[in-house]
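Numbering (the working numbering), first residue to last: 2 to 222.
Note that beta-carbon positions come from the ideal geometry of N, C-alpha and C, so glycine has one too.
Please read these numbers as outputs of a predicted model, since none were measured by experiment.
Read the structure below first, then the notes.
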Amino acid sequence: MNEVAHGVWHLNTMFFPNGVNAYLVGDVLIDAGGRRAAKRILRDLSGHTVTAHALTHAHADHQGSSHAACTALGIPFWVPEHDVAPAEDPSLIGERQPDTFLAQFFVRLFKGPGHKVDRVLREGDDVAGFTVLDTPGHSAGHVSFWRESDRVLILGDVLNNMDILTGIPGLREPKKSLTPDPQRNRESLRRLGPLEPNLVLFGHGGPLRDTKKFVDFCAGV
Numbered sequence: 002m003n004e005v006a007h008g009v010w011h012l013n014t015m016f017f018p019n020g021v022n023a024y025l026v027g028d029v030l031i032d033a034g035g036r037r038a039a040k041r042i043l044r045d046l047s048g049h050t051v052t053a054h055a056l057t058h059a060h061a062d063h064q065g066s067s068h069a070a071c072t073a074l075g076i077p078f079w080v081p082e083h084d085v086a087p088a089e090d091p092s093l094i095g096e097r098q099p100d101t102f103l104a105q106f107f108v109r110l111f112k113g114p115g116h117k118v119d120r121v122l123r124e125g126d127d128v129a130g131f132t133v134l135d136t137p138g139h140s141a142g143h144v145s146f147w148r149e150s151d152r153v154l155i156l157g158d159v160l161n162n163m164d165i166l167t168g169i170p171g172l173r174e175p176k177k178s179l180t181p182d183p184q185r186n187r188e189s190l191r192r193l194g195p196l197e198p199n200l201v202l203f204g205h206g207g208p209l210r211d212t213k214k215f216v217d218f219c220a221g222v
């Protein structure tokens, strides 16, 4: 694991860097990659104290190893309010995704078992010193995590910092074929821009420390 900010570690859940990211924030694991990522995640977490697992959103490439991680570590599962249902019953993930080949293919490729949710996350909640922000659009319940003290933002898939198909780096809105409500996702992006984060951490793509680039992108969508 790589410490990218104070008390924030980045985990690769796939064999290539930044393809699908997870983070350890203090003692909370945020996101868990696809269902084949469990062994890699648990290996990286070895030696670290982990007391809970939270999701930015309940898509298959973020919840795939949630059940395995929570079970192996004996920790509770924290999920945004409007994504609780698919987190507990992953058959709903495909139903909530656009009816496109790409969306349904990714569901089949990454989806893991469901797991009972122990805590429902809502706007303003605290998660290991980060504040929960409602940022729906890419999923109904999508949230981001914001730490005001050093202006670190973990935004899941509200924005990508790579093309998820080609791996080419750069800021991109999530693909419409994977996003149930692109317009609402844009509204979430416009909310995040004015935060002027010093560090942005993505579900897909490497960290971004260029505040102006992020702010300008969000303002321009």
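So Phe-17 is in the alpha helix (DSSP H); what residue range does that whole segment cover?
Element bounds for Phe-17: n/a, residue is neither H nor E.
If you run the structure through DSSP and keep just helix, strand and coil, what is Phe-131?
Note: Phe-131 maps to strand in three-state DSSP.
Starting from the N-terminal side, write out each stretch of the beta strand (DSSP E) that is 3 residues or longer and does not extend beyond the region 119-190.
Counting only runs of at least 3 residues, the region 119-190 fully encloses the following beta strand (DSSP E) elements, listed from N- to C-terminal order: 120-122, 131-135, 144-148, 153-155, 161-163, 170-173.
Around the Cβ of Gln-184, are there at least 16 other Cβ atoms within 10 angstroms (buried) or fewer (exposed)?
Gln-184 should be labelled exposed.
Label Phe-203 either buried or exposed according to how many other C-beta atoms from any shown protein chain fall within 10 Å of its C-beta, with 16 as the threshold for buried.
Flag for Phe-203 reads buried.
Return yes when the C-beta of His-205 is under 7 Å from any heavy atom of the ligand SAM, and no when it is not.
Judged by which ligands are present, the structure shown has none, so any question about the ligand SAM falls away.
Looking at C-alpha atoms only, which residue of Asp-62, Glu-174, Leu-154 is the closest neighbour of Asn-13?
Nearest option by C-alpha distance: Asp-62.
Can you tell which of Asp-45, Trp-147, Pro-175 has the C-alpha that lies nearest to the C-alpha of Asp-127?
With distances taken between Cα atoms, Asp-127 lies closest to Trp-147.
Inspect the CB distances between the region 205-215 and the region 128-147 and report whether three or more fall short of 8 Å.
With the cut-off at 8 Å, the region 205-215 and the region 128-147 do not touch.
Which class does Ala-59 belong to by DSSP, given the choice of helix, strand or coil?
Annotated three-state conformation of Ala-59 is coil, per DSSP.
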